[in-house]
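Note that UniProt numbering gives residue 82 to position 82 of the sequence shown, counting from 1, and the numbers run on in steps of one.
Every residue gets a Cβ at the ideal spot worked out from N, C-alpha and C, and that includes glycine.
The model shown is predicted, which means the values in this text are computed figures rather than measured ones.
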Amino acid sequence: MTGSEADSYYCEICNEQYDIHSLYACYQGHFFCKSCFKQEYYKGKEQRCPHLTCNAWIDNAENTKANRGEPVRISNKMFPQPGLYLDRERQKNSNNVSNVSNFQLSNTSLMSLSKRPLHCPHKDCNRTIAVSSLDSHFRYEHKYVAFIDTHLEARNGLEFFIDDVKLNEILCVVIINIMDKAEVHPVISRTICEKSSSLVPAKPVLVVMATRLQLSQHEQALEKTDDTADMCDCVAQPPSERIFVWIASNIVTKFSYTLAVSTQCNGIRVKYYGPLLTLNENCRSLCAEGKGLILSENHLSGMSGNGTKPLILDILIHSTEEASCTS
């Protein structure tokens, strides 16, 4: 956040503009509106700056200015541009990234996006975050979740063990950033947005998620034929488990995706194709509607050797036009 004229500043968290009377500040120049600071970070802890590289004492911005002079910025923003933290390997191989001229983006400005928060899908996180800060949130708060920088129609494969997917818990398998050749950063200065008075396209951040669901007897009956369902009425069936895998974006896009799970020797392969979903949709409802890859108990036991062998997860992201031509 940078200062502006007439003691007006931007909050580091919500990116809204406030006068100095409505802000907290540390002497290093990090500003936070009182609402964001108390709700998201303070929660009874020591009154220190929530910036990851700061940890200085924080006070009302007026007091900070009176006691120490004008706060001076000496470090980066709390949520910096993801481009500043690109993997070295991606920087070396930037020439391999294809030029996506028909990049399908939501025509929504970052200013409106910041006002529509979403809940972090990670199982151990209850934070409500800005749509445009999802990438930075995972890079800072959930560092062990893998990141993939890729482009449309590129195959991305990884190994995973089904035992890592727990019952009724959402596992964030990997975060996907779709990159174009020009390396356009998804986070753009709010000041530039306001001066240009134009809508800035926000880049989608995709989250590959998996969960294990236990189906009730009624849900199991709906999956069977009428004859089989009549047989189930006579004999009580134990609850059946499914692993559900899907991909969701922080914003609405025109993308579609393909998910495929196979054994290491490609002996068995289960595939799903469908439109890209959005975050915070109910996974049980999505599974019931078949809007993702579903692995049954037979798949779980047969493909993974009862969880002892890893499976291969293949991920492809398509544009609507390209997918419609190849499907």
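Any heavy atom of the ligand FAD closer than 7 Å to the beta-carbon of residue i?
| i | result |
| --- | --- |
| K203 | In the structure shown, the ligand FAD is absent, as is every other ligand, since no ligand is present at all. |
Judging by CA-CA distance, which residue of the options is the nearest neighbour of residue i?
| i | options | result |
| --- | --- | --- |
| R269 | N168, N156 and L259 | L259 |
| S136 | T150, Q214 and L206 | L206 |
| P275 | Y18, S256 and C14 | S256 |
| L215 | K203, V208, N250 and C287 | C287 |
| D163 | D19, I58, A61 and M303 | M303 |
| V126 | P204, N280 and V208 | In the sequence as displayed, the identity of residue 126 is Asn instead of Val. The shortest C-alpha separation from N126 is found at N280. |
Excluding sequence positions up to five away, which residues of its chain have a Cβ less than 8 Å from the Cβ of residue i?
| i | result |
| --- | --- |
| E169 | K123, T211 and R212 |
| C33 | C11, I13, C14, E16, Y18, S22, L23 and Y24 |
| L171 | K123, D164, V165, M209, A210 and T211 |
| E241 | L167, R212, L213, Q214, L215, E297 and L300 |
So, is residue i buried or exposed, given that buried needs 16 or more other C-beta atoms within 10 angstroms?
| i | result |
| --- | --- |
| E289 | exposed |
| S301 | exposed |
| S132 | buried |
| A182 | Reliability fails at A182, whose pLDDT of 37 lies under 50, so the model's placement of it is uncertain and the value that follows must be treated cautiously. By the neighbour-count rule (16 or more Cβ atoms within 10 Å), A182 is not buried but exposed. |
| A146 | exposed |
| K271 | exposed |
| H318 | buried |
| L167 | exposed |
| S285 | exposed |
| S196 | Low confidence applies here, because S196 scores a pLDDT of 41, under 50, leaving its location unreliable and the question unanswered by this model. |
Just the Cα atoms here: how many angstroms apart are residue i and residue j?
| i | j | result |
| --- | --- | --- |
| C283 | P121 | 11 Å |
| L118 | K143 | 19 Å |
| R48 | L134 | 23 Å |
| E141 | A130 | 14 Å |
| G157 | G267 | 16 Å |
| P82 | P204 | Any reading at P82 must be qualified, since the residue scores a pLDDT of 36, below 50, and its modelled position is unreliable; no value is offered. |
| A154 | G307 | 28 Å |
| Q264 | I175 | 23 Å |
| N250 | S262 | 28 Å |
| I58 | R139 | 24 Å |
| T128 | I315 | 27 Å |
Is residue i close to chain D? Criterion is C-beta to C-beta, closer than 8 Å.
| i | result |
| --- | --- |
| I176 | The structure shown has no chain D; it contains just one protein chain. |
Residues in its own chain within less than 7 Å of residue i by CB, not counting five upstream and five downstream?
| i | result |
| --- | --- |
| F160 | V173, P310, L311 and L313 |
| A56 | C26, Y27, Q28, R48 and C49 |
| N60 | Y24 |
| C36 | C11, I13 and C14 |
Within its chain, find whatever has a CB closer than 6 Å to the CB of residue i; leave out the 5 residues flanking it on each side and keep chain order.
| i | result |
| --- | --- |
| Y273 | T258 |
Practice prompt. Determine contact between the stretch 282-294 and the stretch 239-254, defined as no fewer than three beta-carbon pairs at a distance below 8 Å.
Written response: yes
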